[in-house]
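Numbering (my numbering), first residue to last: 127 to 383.
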C-alpha cells in the first residue's frame, strides 16, 4: 500500500514538472522572439537605439521612418493588389515618389504640427484638456495634413495644373477626413494614455502605415478592375474610375502606373 502510494506520488509529480517545463518553454520562446525583435531590452537594443536617436535627432529620424514606411506601403499595396508596372514588377515608379513624400513632406509637417500641439497642451492632464487636444487635432491638424497629402498625391499621379489639383482635393477631402475622424481620436487617446510624447509621431506613422496599406491596396484593386472594364468595353457606357485621389490623371489601360 505504501509502495503504491509512493509510485502514484512520483507519477503525479513528474506530470506536474512536465507541465511546468512546457509552460517555461513557451515563455522562453516568447522571450527569444522579443529578444530577436528588439535585440534585448538593454541600452544596445534596437528599440533603445531608435528611441535615443528619436530624442537626439528627432526630425532626421522621423524623416527616415516616414520615408521608409511610405515607400514600403506603396510596394506592399501593389503586391497585395497585383498591380505591376509595365515591366511586370511591383516596384513601380510611385514607390520612390512616395518615399520622397514621406521623408520630405509628411515627416516635417507632422513634426511641426504635433510639436505645436504637444507644446500647447504640455502639463495639462485633465480629462477636459485631453478631449480638447483630440478636438484640436481633428479639426485643425488633420485637415492641414490631409489637404497637403491630397495635393501631393495629385502631383505624384500626374496632375500639373491648379484646376486638376483643386479637383482632386475637392473630391477626396471629405472621404479622407471621415477616415481620420474615426482613426485619429482612438490613436491619439491611446498615445495620451500609454506613450511618451517623443514617440507620438512614429506611432502615428505606424497607424497610418497599416490603415494606408489597406486603403491603398483596396483602391488599387478597384482601379485595376475599372481599367479592365474600360479596356474590354463597358456596355453601360458609364465612367468606371477608381483608386486613390489623383489616379484619374493616369488612367491608361495598363496593369500598372
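Glycine included, each C-beta is placed from N, C-alpha and C at the ideal position.
In this structure, does DSSP put residue i in helix, strand or coil?
| i | result |
| --- | --- |
| residue 264 | helix |
| residue 357 | helix |
| residue 287 | coil |
| residue 310 | helix |
| residue 171 | coil |
| residue 217 | coil |
| residue 301 | helix |
| residue 252 | coil |
| residue 192 | helix |
| residue 210 | coil |
| residue 321 | coil |
| residue 385 | Given a span of 127 to 383 for the chain in the structure shown, any question on residue 385 remains unanswerable. |
| residue 183 | coil |
| residue 330 | helix |
| residue 247 | coil |
Straight-line CA distance for residue i to residue j?
| i | j | result |
| --- | --- | --- |
| residue 205 | residue 355 | 21 Å |
| residue 216 | residue 198 | 11 Å |
| residue 181 | residue 231 | 20 Å |
| residue 282 | residue 252 | 42 Å |
| residue 294 | residue 280 | 6 Å |
| residue 236 | residue 358 | 43 Å |
| residue 278 | residue 353 | 23 Å |
| residue 187 | residue 315 | 24 Å |
| residue 164 | residue 178 | Only weak support is given to the placement of residue 164: the predicted model assigns it a pLDDT of 48, under 50, and the value that follows is read from those uncertain coordinates. Going from the Cα of residue 164 to the Cα of residue 178 covers about 14 Å. |
| residue 328 | residue 189 | 10 Å |
| residue 257 | residue 287 | 40 Å |
| residue 273 | residue 174 | 34 Å |
| residue 211 | residue 221 | 11 Å |
| residue 304 | residue 284 | 25 Å |
| residue 250 | residue 300 | 31 Å |
| residue 332 | residue 343 | 16 Å |
Give the single residue among the options whose Cα lies nearest to the Cα of residue i.
| i | options | result |
| --- | --- | --- |
| residue 384 | 331, 271, 235, 281 | Since the first and last residues shown for the chain are 127 and 383, residue 384 lies out of range. |
| residue 345 | 331, 208, 247 | 208 |
| residue 184 | 287, 233, 259 | 233 |
| residue 276 | 290, 298, 242 | 298 |
| residue 337 | 285, 174, 306, 273 | 306 |
| residue 348 | 172, 203, 256, 289 | 203 |
| residue 267 | 289, 249, 244, 201 | 244 |
| residue 319 | 219, 259, 171 | 259 |
| residue 341 | 200, 269, 248, 296 | 200 |
| residue 269 | 248, 333, 296, 218 | 296 |
Does the count of Cβ pairs from the segment 220 to 235 and the segment 193 to 205 closer than 8 Å reach three? yes
Does the segment 297 to 313 come close enough to the segment 263 to 273 to have 3 or more Cβ pairs within less than 8 Å? yes
Check whether the segment 234 to 252 and the segment 323 to 334 are in contact - that is, three or more C-beta pairs closer than 8 Å. yes
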